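Residue numbers (the UniProt record's numbering): 1 to 277. All residues carry an ideal CB built from backbone N, CA and C; glycine is no exception. All of these numbers come straight from a predicted model, not from anything done at the bench.
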């Protein structure tokens, strides 16, 4: 994914976010005025919830049961959120705030959350769940999530059995979980590690100390916004190449990446040469 542009408030167009497309999925045509026009491959549009005033999806209540594992330090006081994905799209971000328990996400505890007056997503295929790493000992070991769709009278199981913790496992605070009991959809649910290579430009001042994030988009969905970090390493220096491994469900053929930073630190401006996945 070639870039060769600044992500900087004081350079180029002042943007700190770039969306990059792979050079091999575009056809470039020379226009009459001599500029290059890039023609992107068509992408299927998502199903609309309402067509000609007729609602295409049923209203439902989603009841979520979230089970924290029975191992030492499994509980968390961090703020947890998730997104449900199904055959008719996604739920948007659902913060898990109001549990049936006074103290959420304790060791070996089942927490229940209810979201009413939502559109049914049909058969669910995955859940993306994460937390904000706040509070004392925010690391969390999640056993599983059950999602009950009242309109379908069906429960979907999402097994995790992993840490969401900076100091455990692979250090990730986000997990994508495939549905364990969905036999209807043809799912590309294999977990994949995407090797992500970021090359910083060689111009003076090209490096950055800002916090960098990437989102990868494919035919089967996207990765969610992921932080690009390594412990005790100085990343994104001038002329340097940095390598990361991001674990997610298989996204199929990749279409674009979105790379950005938070403009923090001294001289946060950054010249990105390219991203390779």
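Status (buried if at least 16 other CB within 10 Å, exposed otherwise) for residue i
i: residue 15; result: exposed
i: residue 260; result: buried
i: residue 113; result: buried
i: residue 62; result: buried
i: residue 145; result: buried
i: residue 136; result: exposed
i: residue 269; result: buried
i: residue 248; result: buried
i: residue 180; result: exposed
i: residue 232; result: exposed
i: residue 202; result: exposed
i: residue 193; result: exposed
i: residue 174; result: buried
i: residue 98; result: exposed
i: residue 177; result: buried
i: residue 141; result: buried
Residue i, DSSP secondary structure in three states
i: residue 81; result: strand
i: residue 69; result: coil
i: residue 114; result: strand
Span of the beta strand (DSSP E) around residue i
i: residue 242; result: 241 to 249
i: residue 255; result: 254 to 261
i: residue 129; result: 124 to 131
i: residue 271; result: 270 to 276
i: residue 98; result: Note, residue 98: premise wrong, no beta strand (DSSP E); not H, not E.
i: residue 280; result: In the structure as shown, the chain begins at 1 and stops at 277. Residue 280 is therefore absent and cannot be evaluated.
i: residue 179; result: It is not in any beta strand (DSSP E) - residue 179 carries neither H nor E in the DSSP assignment.
i: residue 213; result: 212 to 218
i: residue 7; result: 2 to 7
Nearest residue (CA-CA) to residue i, options the options
i: residue 125; options: 241, 159, 105 and 150; result: 159
i: residue 132; options: 1, 80, 12 and 220; result: 80
i: residue 9; options: 250, 249, 208 and 179; result: 208
i: residue 276; options: 262, 168, 255 and 264; result: 255
i: residue 278; options: 165, 199, 191 and 252; result: Summary: the structure shown does not reach residue 278, with the chain confined to residues 1 through 277, and so no result is reported for it.
i: residue 309; options: 265, 262 and 257; result: Within the shown structure, residues of the chain are numbered from 1 to 277, placing residue 309 beyond reach of any answer.
i: residue 67; options: 97, 210, 104 and 151; result: 104
i: residue 215; options: 12, 246, 273 and 166; result: 246
i: residue 264; options: 168, 91 and 213; result: 213
i: residue 70; options: 119, 100, 163 and 94; result: 163
i: residue 73; options: 17, 165 and 241; result: 165
i: residue 156; options: 84, 242, 250 and 170; result: 84
i: residue 217; options: 210, 226 and 211; result: 226
i: residue 204; options: 238, 197, 229 and 191; result: 238
Residues bridged to residue i (per DSSP)
i: residue 62; result: 115 and 149
i: residue 154; result: 149
i: residue 141; result: 163
i: residue 238; result: Answer is none; residue 238 lacks a bridge partner.
i: residue 199; result: 241 and 274
i: residue 194; result: 246
i: residue 227; result: 213
i: residue 90; result: 85
i: residue 14; result: BP columns for residue 14 are empty, so no partner.
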